[in-house]
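The structure appears below as structure tokens.
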Amino acid sequence: MNMREKIKAAAARYPDQRSAIMPALLIAQKEHGYLPGPVLEEVADILDVERIWVYELATFYTLFHTEPVGVFHLQLCDNVSCMLRGAEDLLRHLEEVLGITKGGTTPDGLFTLSTVECLGACEMAPVMQLGDDYQGDLDIARIDALLDRLRATAGQATGADLAATVPPGE
Ligand code: FES
Numbered sequence: 108m109n110m111r112e113k114i115k116a117a118a119a120r121y122p123d124q125r126s127a128i129m130p131a132l133l134i135a136q137k138e139h140g141y142l143p144g145p146v147l148e149e150v151a152d153i154l155d156v157e158r159i160w161v162y163e164l165a166t167f168y169t170l171f172h173t174e175p176v177g178v179f180h181l182q183l184c185d186n187v188s189c190m191l192r193g194a195e196d197l198l199r200h201l202e203e204v205l206g207i208t209k210g211g212t213t214p215d216g217l218f219t220l221s222t223v224e225c226l227g228a229c230e231m232a233p234v235m236q237l238g239d240d241y242q243g244d245l246d247i248a249r250i251d252a253l254l255d256r257l258r259a260t261a262g263q264a265t266g267a268d269l270a271a272t273v274p275p276g277e
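Quick note on numbering: the working numbering labels position 144 of the sequence shown as 251, and the sequence is numbered without any gaps.
This is the structure we're talking about:
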């Protein structure tokens with residue numbers, strides 16, 4: 108199935124097409140890697156909904172990316188529980204070792220570093236989302252080990268495949 112067919116199939120499960128925008132955006136992002144304006148407009152056209160509704164959701168939630176991201180998107184939570192358990196130090200460390208500031212992507216396109224609001228996993232703060240997994244109970248040593256592992260495996264698979272190979276909490 109192409110993207111249009113996948114979105115149509117997903118939208119068929121909803122009585123109101125506006126309710127299908129979130130799953131449609133997930134499908135489009137998986138297809139394109141991120142959600143530039145023309146893709147958002149295509150999603151709106153497929154669902155026959157207002158374009159502004161699609162833009163609103165795509166720009167509100169951090170799981171959607173309207174700009175290209177690196178192979179590995181490191182999304183560090185900097186909300187209260189994580190901040191109290193050292194997230195600020197981890198952010199500074201990540202910025203230093205990656206040579207970028209938050210919101211940036213390394214020149215080799217491997218890592219994008221972002222901060223996000225509470226990931227709903229405060230019990231293992233500080234937490235970072237990587238792909239579909241959470242990395243919890245982080246400290247600088249664990250961050251360094253994780254980066255080493257990701258660098259070592261880069262080039263052998265797609266980013267999604269690689270991210271999926273990292274066990275949660277490592
Ligand atoms: S504050 Fe970081 S996961 Fe909740």
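Positions of the beta carbon are idealized from the N, C-alpha and C atoms, including for glycine. All values reported here derive from a predicted model rather than from experimental measurement.
Rounded straight-line distance, which links the Cα of residue 255 to that of residue 185: Taking the sequence shown and counting its residues from 1, the one referred to as residue 185 is at position 78. Taking the sequence shown and counting its residues from 1, the one referred to as residue 255 is at position 148. Near 23 Å, if we compare the C-alpha coordinates of residue 255 and residue 185.
Under the three-state DSSP convention, the category residue 225 falls into: By 1-based counting over the sequence shown, the position of residue 225 is 118. Coil, per DSSP.
Can you tell me which of the three DSSP states residue 162 falls into? Residue numbering aside, residue 162 sits at position 55 when the sequence shown is read from its first letter. The answer is helix: DSSP assigns residue 162 an H, G or I state.
At the level of alpha carbons, what is the spacing between residue 146 and residue 179? For the purposes of this step, residue 146 is taken as residue 39 along the sequence shown, with counting starting at 1. For the purposes of this step, residue 179 is taken as residue 72 along the sequence shown, with counting starting at 1. Taking the straight line from one Cα to the other gives about 22 Å.
Would you mind listing the beta strand (DSSP E) stretches within the stretch 110-197 that are 3+ residues and don't spill past its ends, in chain order? List check, beta strand (DSSP E) in window: 179-184.
Endpoints, beta strand (DSSP E) assigned at residue 217: For the purposes of this step, residue 217 is taken as the residue at position 110 of the sequence shown. In the DSSP assignment, residue 217 falls outside any beta strand (DSSP E), carrying neither H nor E.
For residue 237, list the residues DSSP reports as bridge partners. Within the sequence shown, the letter at position 130 stands for residue 237. Residue 237 is bridged to 181 and 240.
Beta-carbon separation of residue 197 and residue 114 under 8 Å? Walking along the sequence shown from the start, residue 197 turns up at place 90. Walking along the sequence shown from the start, residue 114 turns up at place 7. Not a contact, by the Cβ cut-off of 8 Å.
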